[in-house]
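K.L.:
Here it is, the structure, as structure tokens.
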Amino acid sequence: MNYIVSIVGRPNVGKSTLFNRLVGRRKAIVHVTSGVTRDRIYGNSEWNGIKFSIVDTGGFSISKKDELEKEIKNQILIAIKESDVILFLVDIKIGILDADREISKILRKCQKIVLLVVNKVDNGRSIYSDTDFFCLGFVKCYCISAINGSGTGELLDKLIEIFKQELFKKKEKILEDEFLPRFSIIGRPNVGKSTLINSFLNKNHHIVTNISGTTRDSLDVFYKKWEYECILVDTPGVRKKSKIRDNIEFYSTLRTFKTIEYADVCLLMVDAGCGWEKQDMNIFRFVEKNHKGIIILINKWDLFHNKNSYTRQDYEFFIRKKIYPFYNVPILFISAKNQDGIHNILPMAYQVLRSRKNRLKTNILNKIMLPIFKKNPPTPKKKNKFITIKYCTQLPSCTPKFIFFSNFPQYIKESYKRFVENKIRSHFDFIGVPIQIFFRKK
């Protein structure tokens, strides 16, 4: 969920049809009656290996009398504000209406990337009548037919081109920060993320309430104390998809996932009283999938420990069992409100950061790993196949990646990959860092 693309336009121009085309399934209701879509519908799409989110919005109306129309308009404006790219959809068969002109005025002021998309171009002769739409103030238009898919490939290619340009700009901006490490504080709502930021700064820098969802945007804070200098990022709480009822909360969740992708180390906060829940596991796996360093913070431990007989060892053992085979993740027990244990967080975060940048010499790696492979060779998926691993090396990358050369890499089981990962973790310092294992033909 790197980028957000919203489809806007007046009613019955084919927004939901285009949405279904881009997500690859009939998720939004499509009907000849205008105004069927009212709430935002979102889905995921992928083109040329790049994933992004598509948001279908209600039809924009210039009527000001209907309260429902006002609410739909307000939600469309929120979608425009939070989007990276906006697809402005118009209907070539109907032509330009007053609502189209009103939308174009709003979009030209929003300072977002807007692509004018002319829909229902079902034959070549229709293309010659699309010149009328240039009066809306856009340099280029993309002619498509959402119902049969013609022209959508060119539109998707343009989206990917924009995403790559935006990614380059973001990387340049990050490099301007003097390579300061970014530590993102993530977790479910109301686990104490903003309280932890306030405790680090010794002041009420962020609003803290008992109401979940108080923080709605990712907020960067420069932190410098003693030898530690970094950027702390407070993020909105991440709920399950089924629990997200508010459109603002949906966009806040997307912002959190974006923040994770640009973080060096993620501090996953867990409420000790609620325990390690499925949503914590989902967030943990997302961090692991993005190959970021991670530390688990068990917050409100003082309240939990006073009411329960669980020891830290019991609590820690339960979590490590859940996150196996990525077992050597630092787990710290803290109280953000009372500032208990928070002095251990930044030293550990810097240790994880060093582990993420750890590079092993090839001769040392082979000296340790090859005897292990000889003693415990992989069991092949097929009989009469004797598998050997002759050589291994760490790939030059910003995250730990290892490649192992074998005579039959295609027959190596997934369980043996986990065995190899465990051996690397037990012999080398990769605390709190995901490891990628690849087997290739020698």
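Going by my numbering, the first residue of the sequence shown is number 155, and it counts up by one from there.
Beta carbons: idealized from backbone N, C-alpha and C, even for Gly.
Which of the three DSSP states, helix, strand or coil, is assigned to R594?
P.N.:
Here R594 sits in strand by DSSP.
K.L.:
Please report how far the alpha carbon of A503 lies from the alpha carbon of I452, in whole angstroms.
P.N.:
Rounded to whole angstroms, A503 to I452 spans 15 Å at the Cα level.
K.L.:
Ordered along the chain, which non-local residues of its own chain (more than five positions away) have a Cβ less than 8 Å from that of Y464?
P.N.:
Only F458 meet the Cβ criterion.
K.L.:
Round the Cβ separation of N561 and Y545 to the nearest angstrom and send it over; I've been treating them as touching at under 8 Å.
P.N.:
That belief does not hold up - the Cβ atoms of N561 and Y545 are roughly 11 Å apart, past 8 Å.
K.L.:
Compute the Euclidean distance between the alpha carbons of Y196 and L176, then round it to the nearest angstrom.
P.N.:
Taking the straight line from one Cα to the other gives about 11 Å.
K.L.:
Going by CA-CA distance only, name the one from L310, N356 and F206 that's closest to K491.
P.N.:
Comparing Cα positions, the closest option is N356.
K.L.:
Measure from the alpha carbon of E315 to the alpha carbon of each residue in V239, K571 and T533, then state which is nearest.
P.N.:
That would be V239, whose Cα lies nearest to the Cα of E315.
K.L.:
Pick helix, strand or coil for T547, following the three-state DSSP scheme.
P.N.:
Of the three classes helix, strand and coil, the one that applies to T547 here is strand, per DSSP.
K.L.:
Starting from L451, trace the beta strand (DSSP E) in both directions and tell me its first and last residue.
P.N.:
G447 to N453 is the span of the beta strand (DSSP E), which, as asked, contains L451.
K.L.:
Which residue's Cα is closest to the Cα of S160: S207, G178, D276 and K347?
P.N.:
For S160, the nearest C-alpha among the options comes from S207.
K.L.:
Using only alpha-carbon positions, find the residue among F317, C295 and K274 that is nearest to S304.
P.N.:
Selected option, being the one with the closest Cα: K274.
K.L.:
List the residues that DSSP assigns as beta-bridge partners of K555.
P.N.:
K555 is bridged to Q590.
K.L.:
Looking at the structure shown, is I485 part of a helix, part of a strand, or coil, going by DSSP?
P.N.:
Three-state DSSP puts I485 in a strand.
K.L.:
For R508, name the three-state secondary structure that DSSP assigns.
P.N.:
In this structure, R508 counts as helix in the three-state DSSP scheme.
K.L.:
Just the Cα atoms here: how many angstroms apart are V268 and N498?
P.N.:
Answer to the nearest angstrom: the Cα atoms are 46 Å apart.
K.L.:
What is the DSSP secondary structure of D210, reduced to helix, strand or coil?
P.N.:
It is a strand residue.
K.L.:
Alpha carbon to alpha carbon, what distance is there between P588 and T349?
P.N.:
When rounded, the distance between both Cα atoms is 28 Å.
K.L.:
Going straight from the alpha carbon of L270 to that of I204, what length do you get?
P.N.:
Their backbone Cα atoms lie some 22 Å apart in a straight line.
K.L.:
In the DSSP output, which residue or residues are listed as bridge partners for Y382?
P.N.:
Answer is K379, bridged to Y382.
K.L.:
Assuming F556 and I591 are in contact, meaning their beta carbons sit under 8 Å apart, how far apart are those beta carbons, in whole angstroms?
P.N.:
Sure, about 6 Å apart at Cβ, within 8 Å.
K.L.:
Count the other CB atoms within 10 Å of the CB of W430; is the residue buried (16 or more) or exposed (fewer)?
P.N.:
So W430 ends up on the buried side.
K.L.:
Residues in its own chain within less than 6 Å of T542 by CB, not counting five upstream and five downstream?
P.N.:
Answer for T542: N561, listed in chain order.
K.L.:
To the nearest angstrom, how far is the alpha carbon of F438 from that of L386?
P.N.:
Rounded to whole angstroms, F438 to L386 spans 19 Å at the Cα level.
K.L.:
Over what stretch of residues does the alpha helix (DSSP H) that includes Y296 continue unbroken?
P.N.:
Per DSSP, Y296 belongs to no alpha helix (DSSP H); it is in the beta strand (DSSP E), C295 to C297.
K.L.:
Would you identify the three-state DSSP class for G341, choosing helix, strand or coil?
P.N.:
G341 falls in the strand class under three-state DSSP.
K.L.:
Tell me whether I257 is buried or exposed, calling it buried when 16 or more other Cβ atoms sit within 10 Å of its Cβ.
P.N.:
Burial call: buried.
K.L.:
So the beta strand (DSSP E) F242 belongs to, where does it begin and stop?
P.N.:
Its beta strand (DSSP E) spans residues V239 to D245.
K.L.:
Roughly how many angstroms lie between the CA atoms of Y382 and T553, to the nearest whole one?
P.N.:
Approximately 22 Å, taken between the alpha carbons.
K.L.:
Does DSSP classify R474 as helix, strand or coil?
P.N.:
Three-state result, R474: helix.
K.L.:
Give me whichever residues DSSP pairs with W201 in a beta bridge.
P.N.:
DSSP lists I204 as partners of W201.
K.L.:
Give me the residue from K347, H581 and R594 with the minimum Cα distance to I450.
P.N.:
Of K347, H581 and R594, the residue nearest in Cα terms is K347.
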